[in-house]
Amino acid sequence: MNDTTLAVGLCVASAVAYAAAAVAQERLARAAVARTAGALLGSGAWWWSAGLNAAAALLHAAALRYGPLTLVQPLGALTLVAAVPLGARRSGRRVAATEWRGTLATVAGLGLLLLPASGPAPDDTLTLVEALAVSGATIAVIMMLTAVKDPRSGLRHATASGLASAAASALTQTVAVAAGRGGALLSVRVVSVALLVMVFAVGGMLLSQRAYRGGLGAPLAVVNLANPLAAAAIGMVLLGERLQGGPAGLLLAATGALLAARGVMLLTRTPSAAAGPGVGTAAGSVAGAELPVPVGRVAV
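Per my numbering, numbering of the sequence shown is gapless, rising by one per residue and ending at 290.
This is how it looks when you write it as structure tokens:
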């Protein structure tokens, strides 16, 4: 099994776990609109979703050891494939035609981005200065996106979550490659970067929790679009990663980005009322928040 095949397999497993966590978070977010943070943290279902996120993150970190950011991050779109129909099923409704079209367009677009992104196993890593620069810039943009408070801020929080996840992935790759080489794991650089990974991973999960209050499809699509684009930018600017195929590869990537953006727009037009029976009512919300999420339902 070559490095690319192993990276893809790990990405698929990670996406399944992330999708299960996303569906759980969306249900909890709807139920917790009027609840305190303490009450949410006291929910067993919330901790179950956090555990799924942690498992997905570990699988994702392993994938980053064997594949470049420009390959691994677009595969996160597989989360949409599982999460949208799964979320609809748990809400007791059919997947809307617009949701199917939006999901397929987003996945197809990111698939086109994936074609010129294949490359060798990563070797370069971020220096401590680069890691701090990436972290500072990401935090600044996240603060700008979340500074304005309004009832329709879900997509801004989803974008912020995607950026946080992208930064976490770029930083994780530095730790994963260092671990693969052996030695220097307790160096100041590796330990500092590992701590930053934890900050962005937790921050990304909390931001997505806030984004899912308005529904699952559109915020999850935005997360899965912002994440690979930001991670690819970091990989190409700081880690020397390049798209394959020259001008043709760039054209393919641009086409994929436009198609994925179209898919996100379609998902944003899906009425939130399609969430299904029970969602939004007091009884349905509390029940949904307290029931454990089944194993096997599936992020970043």
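We treat Cβ as the ideally placed atom computed from N, Cα and C, and that holds for glycine.
Option in Ala247, Ala216, Ser198 with minimal Cα separation from Ala14: Ser198
Would you mind sorting Leu185 into buried or exposed? The rule is 16 or more other CB atoms within 10 Å of its CB. exposed
By alpha-carbon positions, which one of Ser159, Ala72, Thr149, Leu248 ends up nearest to Phe190? Ser159
On the criterion of 16 or more Cβ atoms from any shown chain inside 10 Å, does Val138 qualify as buried, or is it exposed? exposed
Alpha helix (DSSP H) segments (min. 4 residues) lying fully within the region 158 to 240: 178 to 201, 207 to 228
Closer than 7 Å by C-beta to Thr164: which residues in its own chain qualify, once you throw out the five before and the five after it? Chain order, please. Thr115, Leu116, Ala121, Val183
6 Å CB neighbourhood of Ser4 in its chain, flanking five on each side removed: Ala46, Leu49, His50
Quick one: Cα of Leu215 to Cα of Val181, how far? 29 Å
What do you reckon, are the CB atoms on Pro64 and Leu118 nearer than 8 Å? no
Within 10 Å of its beta-carbon, does Val62 have 16 or more other beta-carbons around it, so buried, or fewer, so exposed? buried
Say whether the region 142 to 153 touches the region 76 to 95, bearing in mind that this needs 3 or more beta-carbon pairs closer than 8 Å, one atom from each stretch. no
Tell me the DSSP secondary structure of Asp114 in three-state form. coil
Taking the alpha carbon of Thr88 as the reference point, which residue from Ala238, Gly236, Ala208, Ala247 has its own alpha carbon closest? Ala208
Please report the straight-line C-alpha distance between Thr350 and Thr245, rounded to a whole angstrom. Because the chain is modelled from -9 through 290, residue 350 falls outside the range shown and cannot be assessed.
Through-space distance from Pro75 to Gly57, alpha-carbon basis: 28 Å
Cβ pair Met195, Ala40 closer than 8 Å: yes
Put Val288 into one of helix, strand or coil per three-state DSSP. Residue placement at Val288 cannot be trusted, given a pLDDT of 32 that sits under 50; the coordinates are not used to answer.
Output needed for Arg146: all residues of its chain with C-beta closer than 6 Å, excluding positions within five of it in sequence on either side, in chain order. Leu135
Look at Gly295 and Leu242 and say whether their C-beta atoms are less than 8 Å apart. This structure gives no information on residue 295, because the portion of the chain shown stretches from -9 to 290.
When burial is assigned at 16 or more other CB atoms within 10 Å of the CB, is Arg84 buried or exposed? exposed
Quick check on Ser155: does DSSP put it in helix, strand or coil? helix
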